[in-house]
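Heads up, the sequence shown is in numbering that gives the first Met the number 0, so the first residue is 0 and it goes up one at a time.
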Amino acid sequence: MPQEQLTKDHCQSLISAVESVFNKINQPRVTADLAWEWDDKHQVLLTHFARNFAPDIQALVAKELPEHWHVNNFKSAPRILREQLIRYGKLSKGQHYYTKSATDDCPALIAIWWPWGHGSTYSLRFGLLEHSYDLGQMAEPSIWHRLKKVFNRA
Numbered sequence: 000m001p002q003e004q005l006t007k008d009h010c011q012s013l014i015s016a017v018e019s020v021f022n023k024i025n026q027p028r029v030t031a032d033l034a035w036e037w038d039d040k041h042q043v044l045l046t047h048f049a050r051n052f053a054p055d056i057q058a059l060v061a062k063e064l065p066e067h068w069h070v071n072n073f074k075s076a077p078r079i080l081r082e083q084l085i086r087y088g089k090l091s092k093g094q095h096y097y098t099k100s101a102t103d104d105c106p107a108l109i110a111i112w113w114p115w116g117h118g119s120t121y122s123l124r125f126g127l128l129e130h131s132y133d134l135g136q137m138a139e140p141s142i143w144h145r146l147k148k149v150f151n152r153a
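Listed below in structure tokens is the structure:
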């Protein structure tokens with residue numbers, strides 16, 4: 000089965016949930032429905048929307064894909080996961096990866112949360128990870144990170 004169809008099949012419930020949240024906020028109808036397209040370069044489904052939709056959509060994504068990676072914790076992600084995520088680009092402030100490890104019924108999933116530079120538009124991508132990961136294999140924090148954590152408590 001082609002990657003695009005496989006991704007659509009496994010991400011359909013996520014797409015439907017995002018569209019439901021979007022449509023609930025979009026009343027009365029002020030903007031067109033979400034348009035999903037295939038991003039061939041990254042092998043993911045892609046949509047974009049205005050900033051006013053972002054908080055509710057991000058909350059839904061975080062609920063459905065519980066592992067959250069951002070610029071401050073990315074280095075602590077399991078190595079096999081970091082190696083897969085880095086192909087999407089280096090994270091900057093405000094950019095996030097949301098992931099969920101594979102189950103018997105579904106491969107590992109990713110959501111890529113990318114605010115645009117001007118801040119008024121957000122991109123959301125859904126895709127499948129090639130390899131699953133184990134959170135038990137989280138990278139040990141560096142000595143610098145541990146020291147910062149100790150001194151930030153004071």
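Note that the Cβ used here is the ideal one computed from N, Cα and C, for glycine as well.
Do residue i and residue j have their C-beta atoms closer together than 8 Å?
i, j, result
"H41", "T120", "no"
"L127", "A107", "yes"
"S100", "S131", "yes"
"F21", "L33", "yes"
Looking at the unbroken alpha helix (DSSP H) that takes in residue i, where does it start and where does it end?
i, result
"F8", "The question names Phe, but residue 8 is Asp in the sequence shown. Taken as a continuous stretch (DSSP letters only), the alpha helix (DSSP H) holding D8 covers Q2 to I24."
"A58", "A53 to E63"
"R81", "R78 to L84"
Cutting at 7 Å between CB atoms, please list the residues of its own chain near residue i, excluding the five before and the five after it.
i, result
"W37", "E3 and L44"
Please list, in chain order, all residues of the same chain as residue i whose beta carbon is under 8 Å from its beta carbon, the five residues on each side excluded.
i, result
"L123", "V17, L45, T46, H47, F48, I56, V60, A110, I111, W112 and W113"
"V70", "L90, S91, K92 and Q94"
Using beta carbons (cut-off 8 Å, strictly below), is residue i in contact with chain D?
i, result
"E3", "Chain labels in this structure do not include chain D; a single protein chain is all it has."
Out of the options, which has the shortest C-alpha to C-alpha gap to residue i?
i, options, result
"G116", "K92, L84 and K99", "K92"
"Q11", "I85, Q94, N72 and E63", "E63"
"D39", "F125, S15, R50 and V149", "F125"
"Q83", "L146, E129, A31 and R28", "E129"
My assumption, with CB atoms under 8 Å, is that residue i sits in contact with residue j. Please give the rounded CB distance.
i, j, result
"T98", "L80", "7 Å"
"E66", "L134", "7 Å"
The beta strand (DSSP E) with residue i in it runs from where to where?
i, result
"K99", "H95 to K99"
"R28", "No beta strand (DSSP E) holds R28; DSSP gives it neither H nor E."
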